[in-house]
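Enquirer: Structure provided below as structure tokens; questions to follow.
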Amino acid sequence: MEDFKEDFKPDDIPQKIVRIIHIPKLVFIISLTTGTLLLLAYLLTQDSGLIGIGIYYVAFAIIINTGAIISMVACAFRYPKHKSLILARTPILLLNIPIAWVYIVIVANVMKL
961 MEDFKEDFKP DDIPQKIVRI IHIPKLVFII SLTTGTLLLL AYLLTQDSGL IGIGIYYVAF
1021 AIIINTGAII SMVACAFRYP KHKSLILART PILLLNIPIA WVYIVIVANV MKL
């Protein structure tokens, strides 16, 4: 919320829009934290059962992140006055893609695939 205080007066952005533009950051943090915890758990235990959980998690994360991106685009159309503000926050969701790829490469190297 701090980054908005510098750019806008509090009255300039409806509370509904402030909540909407926090969605990508929240989804990114939850997705990154969960993926990182799964990776660390695997690296510490090398429990092969975590591989299956990780695969399901990546599929689930793709669905959630894609849904969040689609929702943000829909909100941009719904609130055209705040379109640029809404869409400016959306690309953070795409950062999960290369991070997930790096995690997959790390696991593959540990497994010596």
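When we follow the numbering used here, the leftmost residue of the sequence shown carries the number 961, and every step to the right adds one.
No residue lacks a Cβ here, since even glycine has one placed at the ideal position from N, Cα and C.
Just so it is clear, the structure is predicted and the values come from calculations on it, not from any experiment.
Would you please state the rounded distance, in angstroms, between the beta carbons of residue 984 and residue 1032? I believe it to be under 8 angstroms.
Expert: Residue 984 to residue 1032, Cβ: 6 angstroms. Contact.
Enquirer: State the Cα-Cα distance for the pair residue 1009 and residue 997, rounded to the nearest angstrom.
Expert: Looking at the two C-alpha atoms, the distance is approximately 14 angstroms.
Enquirer: Mapping the DSSP letters down to three states, classify residue 975 as helix, strand or coil.
Expert: Residue 975 falls in the helix class under three-state DSSP.
Enquirer: In whole angstroms, what separates the C-alpha of residue 993 from that of residue 1029?
Expert: Distance between the alpha carbons of residue 993 and residue 1029 is about 19 angstroms.
Enquirer: Distance check for residue 1027 and residue 1001, CA to CA, integer angstroms please.
Expert: So the two alpha carbons sit approximately 27 angstroms from each other.
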